[in-house]
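A.B. asks: Input: one structure, supplied below.
Number of protein chains: 4
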Amino acid sequence: MSTVTLEDARRVIAAAEKKADEIGQPMNIAVVDSGGNLVAHVRQDGAWIGSVNISINKAWTSKAFDISTKDLGDNSQPGQQFFGIQNTNGGKVAIFAGGIPLSRDGVVVGAVGVSGGSGEQDHSVAEAGVAAF
Amino acid sequence: MSTVTLEDARRVIAAAEKKADEIGQPMNIAVVDSGGNLVAHVRQDGAWIGSVNISINKAWTSKAFDISTKDLGDNSQPGQQFFGIQNTNGGKVAIFAGGIPLSRDGVVVGAVGVSGGSGEQDHSVAEAGVAAF
Amino acid sequence: MSTVTLEDARRVIAAAEKKADEIGQPMNIAVVDSGGNLVAHVRQDGAWIGSVNISINKAWTSKAFDISTKDLGDNSQPGQQFFGIQNTNGGKVAIFAGGIPLSRDGVVVGAVGVSGGSGEQDHSVAEAGVAAF
Amino acid sequence: MSTVTLEDARRVIAAAEKKADEIGQPMNIAVVDSGGNLVAHVRQDGAWIGSVNISINKAWTSKAFDISTKDLGDNSQPGQQFFGIQNTNGGKVAIFAGGIPLSRDGVVVGAVGVSGGSGEQDHSVAEAGVAAF
Chain B
1051 MSTVTLEDAR
1061 RVIAAAEKKA
1071 DEIGQPMNIA
1081 VVDSGGNLVA
1091 HVRQDGAWIG
1101 SVNISINKAW
1111 TSKAFDISTK
1121 DLGDNSQPGQ
1131 QFFGIQNTNG
1141 GKVAIFAGGI
1151 PLSRDGVVVG
1161 AVGVSGGSGE
1171 QDHSVAEAGV
1181 AAF
Chain L
1051 MSTVTLEDAR
1061 RVIAAAEKKA
1071 DEIGQPMNIA
1081 VVDSGGNLVA
1091 HVRQDGAWIG
1101 SVNISINKAW
1111 TSKAFDISTK
1121 DLGDNSQPGQ
1131 QFFGIQNTNG
1141 GKVAIFAGGI
1151 PLSRDGVVVG
1161 AVGVSGGSGE
1171 QDHSVAEAGV
1181 AAF
Chain A
1051 MSTVTLEDAR
1061 RVIAAAEKKA
1071 DEIGQPMNIA
1081 VVDSGGNLVA
1091 HVRQDGAWIG
1101 SVNISINKAW
1111 TSKAFDISTK
1121 DLGDNSQPGQ
1131 QFFGIQNTNG
1141 GKVAIFAGGI
1151 PLSRDGVVVG
1161 AVGVSGGSGE
1171 QDHSVAEAGV
1181 AAF
Chain H
1051 MSTVTLEDAR
1061 RVIAAAEKKA
1071 DEIGQPMNIA
1081 VVDSGGNLVA
1091 HVRQDGAWIG
1101 SVNISINKAW
1111 TSKAFDISTK
1121 DLGDNSQPGQ
1131 QFFGIQNTNG
1141 GKVAIFAGGI
1151 PLSRDGVVVG
1161 AVGVSGGSGE
1171 QDHSVAEAGV
1181 AAF
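Protein chains in written order, with the numbering used here: chain B, 1051 to 1183; chain L, 1051 to 1183; chain A, 1051 to 1183; chain H, 1051 to 1183.
Here is the structure:
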């Protein structure tokens, strides 16, 4: 079984930071491994302190359910099939954009989570991280 | 007082696993007894790690309120009579499909909880478990 | 990276159950994988309901720190180097006997946790599980 | 107000990693700023997953009380003046070696927390990080 090394995580984070700098919005960026456990986290200078936890939870959520938190969010609105999932797992489930799985050979082996801007910004920074994986 | 033995739980889980295999979606399956306490849990290879907690909570919820989590969910949407119930009991209340009570002689004596796919898939796998009880 | 499959977990649990039956003390037995996530759990008929959580936490702890909970406990007494570790990780750290790592080729790839009797009984039942891995 | 930048945190972490490599014990290393909020975290390959939380909490604790967790631990044993402090702050207080304040011009502006080995190893790796600050 493959997973995410610290070197992988640093490469993902570096690419995500570059994108955040381009956007001009400081971000929290977190990477978890195949077990959902944190490998690395950075908070760029000036990024929201409330987003430390959110970036880590977005990464965990994306690995925990092998899905982007954006897509999970769509299915977790009132009346949708997963409404209520945000109350499970001790509050670790994030249901808004910014978390994306990291895959190798078609298997999810980790995830990146980004928090610090709008949902669209967070998701695009996470995508930049995924592209570097 | 009647309850669910480990042998009962294994029969329920085996039937649920068989259904999950047919559907081709790996699942977490949990069974609780008349006290709502876990009797047995399995995570099939490749099933979501975020669903460990959810399967157990769905089983707990179905016994705790003697209702399927699908039906409880219908009553827990915004504007409905139980909206907010998902925030009670320390986060153990699941309000989406996949938990079904286990009854004997018309009395609920336990429950099965399934998590790992769509709401419809989870519910059908739980039904297969119930049928074996 | 190797981990623990459901088939592995069932073999470990079966051996642990056999030992518990010999001792005549019903047990909770849990197995986690390389990420510390639950693979399977059983509560034998008559085993303590308060031990559901403890068996799972012992397994998690043994994988989280690659050590038996018995040995971790020796280092976590007042005045010892890890005193206070039991208050970390949201209360998931168990510092009394019953959790043992599962290793393959010298690498810890999971763990078994047992709770339901004395520390000595729990540890011996866990050892029986490890021997079957 | 002076604090710890991401660049500072990376310099501290790099020095700590170097020391951990010399010791041959993979570590979790975390740095917090003057508000006690996480700036950066890394888990070296093979480091204990249970130490993610502990490294962050050690850093938080050292800034929260402007003291090393080793010294705080000495005062938090049974019978000592701070016994019980490990149960406060939602479980974030670590009372064993590995957390050390980061100071500038005699003022504590952040902290580093290390977890992954013995108390002595964790403390020495944290000291290496402090020296680079």
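Where is the CB? At the ideal position from N, CA and C, for every residue including glycine.
Where H:PRO1151 and A:THR1111 are concerned, what is the direct C-alpha to C-alpha distance, given to the nearest angstrom?
C.D. replies: Along the fourth sequence, one-based indexing puts residue 1151 of chain H at 101. Along the third sequence, one-based indexing puts residue 1111 of chain A at 61. Rounded to whole angstroms, H:PRO1151 to A:THR1111 spans 28 Å at the Cα level.
A.B. asks: Is B:SER1153 close to chain A? Criterion is C-beta to C-beta, closer than 9 Å.
C.D. replies: In the first sequence, residue 1153 of chain B corresponds to position 103, counting from 1. Taking Cβ atoms only, chain A never reaches closer than 9 Å to B:SER1153, which makes this a no.
A.B. asks: Counting beta carbon pairs with one atom in the stretch 1107–1124 of chain B and one in the stretch 1068–1085 of chain B, are three or more of them shorter than 8 Å?
C.D. replies: Cβ pair count under 8 Å is three or more, so yes.
A.B. asks: Give, in chain order, every residue of the stretch 1083–1113 of chain H whose Cβ lies closer than 7 Å to some Cβ of chain A.
C.D. replies: Within the stretch 1083–1113 of chain H, the residues whose Cβ lies closer than 7 Å to some Cβ of chain A are TRP1098, ILE1099, GLY1100, ASN1103, ILE1104, ASN1107, listed in chain order.
A.B. asks: Beta carbon of H:GLU1067, beta carbon of H:VAL1092: below 9 Å?
C.D. replies: Sequence index remark: in the fourth sequence, residue 1067 of chain H carries index 17 (1-based). Sequence index remark: in the fourth sequence, residue 1092 of chain H carries index 42 (1-based). Cβ atoms of H:GLU1067 and H:VAL1092: closer than 9 Å.
A.B. asks: Strictly below 9 Å CB to CB, what residues from chain L border B:GLY1121?
C.D. replies: The residue labelled residue 1121 of chain B in the question sits at position 71 within the first sequence. According to the sequence shown, residue 1121 of chain B is Asp rather than Gly. Residues of chain L passing the Cβ test: none, with the nearest at roughly 13 Å.
A.B. asks: Quick one: what's got a C-beta closer than 8 Å to L:SER1052's C-beta in the same chain, skipping five residues either side?
C.D. replies: As a first step, residue 1052 of chain L must be located in the second sequence, where it is residue number 2. Correct list, in chain order: SER1084, ARG1154, ASP1155, VAL1157, VAL1159.
A.B. asks: At a Cβ threshold of 9 Å, is B:ASN1137 touching chain L?
C.D. replies: Residue numbering aside, residue 1137 of chain B sits at position 87 when the first sequence is read from its first letter. Yes, its Cβ sits closer than 9 Å to a Cβ of chain L.
A.B. asks: What's the C-alpha gap between B:PHE1183 and H:GLY1100?
C.D. replies: For the purposes of this step, residue 1183 of chain B is taken as residue 133 along the first sequence, with counting starting at 1. For the purposes of this step, residue 1100 of chain H is taken as residue 50 along the fourth sequence, with counting starting at 1. Roughly 25 Å separates the two Cα atoms.
A.B. asks: DSSP three-state label for B:SER1165, please.
C.D. replies: To locate residue 1165 of chain B, count along the first sequence from 1; it is residue 115. The answer is strand: DSSP assigns B:SER1165 an E or B state.
A.B. asks: Beta-carbon separation of H:ALA1178 and H:LYS1142 under 9 Å?
C.D. replies: The residue you call residue 1178 of chain H lines up with position 128 of the fourth sequence. The residue you call residue 1142 of chain H lines up with position 92 of the fourth sequence. Not a contact, by the Cβ cut-off of 9 Å.
A.B. asks: On a CA-only basis, which of A:GLY1163, A:GLY1167, A:GLY1140, A:GLN1075 is nearest A:ALA1090? Give me that one, please.
C.D. replies: As a first step, residue 1090 of chain A is located in the third sequence; it is residue number 40 there, counting from the start. Ranking the options by Cα distance to A:ALA1090, first place goes to A:GLY1163.
A.B. asks: DSSP beta-bridge partners for H:VAL1092?
C.D. replies: Numbered from 1 along the fourth sequence, position 42 holds the residue referred to as residue 1092 of chain H. BP columns for H:VAL1092 point to B:ALA1090, H:ILE1079.
A.B. asks: Quick check on B:ALA1065: buried or exposed, where buried means 16 or more other Cβ atoms within 10 Å of its Cβ?
C.D. replies: Residue mapping note: residue 1065 of chain B aligns to position 15 of the first sequence, counting from 1. Buried.
A.B. asks: Rank A:THR1055, A:ILE1063, A:GLY1169, A:ALA1059 by C-alpha distance to the C-alpha of A:SER1118 and give the top, closest one.
C.D. replies: Locating residue 1118 of chain A in the third sequence gives position 68, where the first residue counts as 1. When each option's Cα is compared against that of A:SER1118, the closest is A:GLY1169.
A.B. asks: Could you check what DSSP says for B:ILE1106 in three-state terms: helix, strand or coil?
C.D. replies: By one-based count along the first sequence, residue 1106 of chain B stands at place 56. B:ILE1106: helix per DSSP, three-state reduction.
A.B. asks: Does DSSP put A:VAL1062 in a helix, a strand or coil?
C.D. replies: Start at 1 with the first residue of the third sequence, and residue 1062 of chain A comes out as number 12. Of the three classes helix, strand and coil, the one that applies to A:VAL1062 here is helix, per DSSP.
A.B. asks: Determine which residues share a DSSP beta bridge with H:VAL1158 and list them.
C.D. replies: For the purposes of this step, residue 1158 of chain H is identified with residue 108 of the fourth sequence, where counting begins at 1. DSSP output for H:VAL1158 lists H:SER1153 as bridge partner(s).
A.B. asks: How would you write the range of the alpha helix (DSSP H) that H:LYS1120 sits in, first residue to last?
C.D. replies: The sequence position of residue 1120 of chain H within the fourth sequence is 70, counting from 1. Unbroken alpha helix (DSSP H) run through H:LYS1120: 1119–1124.
A.B. asks: In chain B, which residues lie with their C-beta within 8 Å of the C-beta of L:GLY1169?
C.D. replies: Counting from 1 along the second sequence, the entry for residue 1169 of chain L is found at position 119. Within 8 Å Cβ-Cβ: GLN1131, PHE1132.
A.B. asks: Got a sec? Which residues, its chain only, sit under 7 Å from L:ASP1095 by beta carbon, not counting five neighbours each side?
C.D. replies: Here residue 1095 of chain L refers to the residue found at position 45 of the second sequence. So the list reads PRO1076, once near-sequence residues are dropped.
A.B. asks: Is there a Cβ from chain H that is less than 9 Å from the Cβ of A:PHE1115?
C.D. replies: Translated into positions along the third sequence, residue 1115 of chain A becomes position 65. Taking Cβ atoms only, chain H reaches closer than 9 Å to A:PHE1115, which makes this a yes.
A.B. asks: Just verifying my parser: in three-state terms, what is the DSSP assignment at L:THR1055?
C.D. replies: By 1-based counting over the second sequence, the position of residue 1055 of chain L is 5. Here L:THR1055 sits in coil by DSSP.
A.B. asks: In whole angstroms, what separates the C-alpha of H:ALA1176 from that of H:ASN1137?
C.D. replies: In the fourth sequence, residue 1176 of chain H corresponds to position 126, counting from 1. In the fourth sequence, residue 1137 of chain H corresponds to position 87, counting from 1. Cα to Cα, H:ALA1176 sits roughly 24 Å from H:ASN1137.
A.B. asks: Using 9 Å as the limit for Cβ to Cβ distance, is A:ALA1161 near chain L?
C.D. replies: Here the question's residue 1161 of chain A lines up with position 111 in the third sequence. Chain L contact via Cβ: absent.
A.B. asks: Any beta carbon of chain A sitting closer than 9 Å to that of H:ILE1145?
C.D. replies: As a position in the fourth sequence, residue 1145 of chain H is number 95, starting the count at 1. Cβ-Cβ to chain A under 9 Å: yes for H:ILE1145.
A.B. asks: Tell me the DSSP secondary structure of A:ILE1099 in three-state form.
C.D. replies: As a position in the third sequence, residue 1099 of chain A is number 49, starting the count at 1. Note: A:ILE1099 maps to coil in three-state DSSP.
A.B. asks: Consult DSSP for H:ALA1182 and reduce its assignment to one of helix, strand or coil.
C.D. replies: The residue labelled residue 1182 of chain H in the question sits at position 132 within the fourth sequence. Coil.
A.B. asks: In chain order, what residues of the same chain lie with their CB nearer than 6 Å to the CB of A:GLY1123, ignoring the 5 residues before and after it?
C.D. replies: Reading the third sequence from its first residue, position 73 is the one you call residue 1123 of chain A. Only ILE1145, PHE1146 meet the Cβ criterion.
A.B. asks: Whose C-beta lies closer than 6 Å to the C-beta of H:TRP1098 among residues of the same chain, with five residues either side of it excluded?
C.D. replies: Mapped onto the fourth sequence, residue 1098 of chain H falls at position 48. Around H:TRP1098: GLY1166.
A.B. asks: Which term fits B:GLN1171, buried or exposed, when burial requires 16 or more other beta carbons within 10 angstroms of its beta carbon?
C.D. replies: Within the first sequence, residue 1171 of chain B is the residue found at index 121, counting from 1. It counts as buried.
A.B. asks: So, B:ASN1139 versus B:GLN1131, is the Cβ gap smaller than 9 Å?
C.D. replies: Residue 1139 of chain B sits at position 89 when you count from the first residue of the first sequence. Residue 1131 of chain B sits at position 81 when you count from the first residue of the first sequence. No; because the gap between Cβ atoms is not below 9 Å, this pair is not in contact.
A.B. asks: In three-state terms, what does DSSP make of A:SER1174?
C.D. replies: If you number the third sequence from 1, residue 1174 of chain A lands on position 124. In this structure, A:SER1174 counts as helix in the three-state DSSP scheme.
A.B. asks: For a quick check, are the C-beta atoms of A:LYS1120 and A:GLY1074 less than 9 Å apart?
C.D. replies: Start at 1 with the first residue of the third sequence, and residue 1120 of chain A comes out as number 70. Start at 1 with the first residue of the third sequence, and residue 1074 of chain A comes out as number 24. Result no, Cβ atoms of A:LYS1120 and A:GLY1074 do not sit closer than 9 Å.
A.B. asks: Identify, in the order they occur along the chain, each residue of the same chain with its Cβ nearer than 6 Å to the Cβ of L:SER1174, setting aside the five sequence neighbours on each side.
C.D. replies: Position 124 of the second sequence, counting from 1, holds the residue named residue 1174 of chain L. So the list is empty, once near-sequence residues are dropped.
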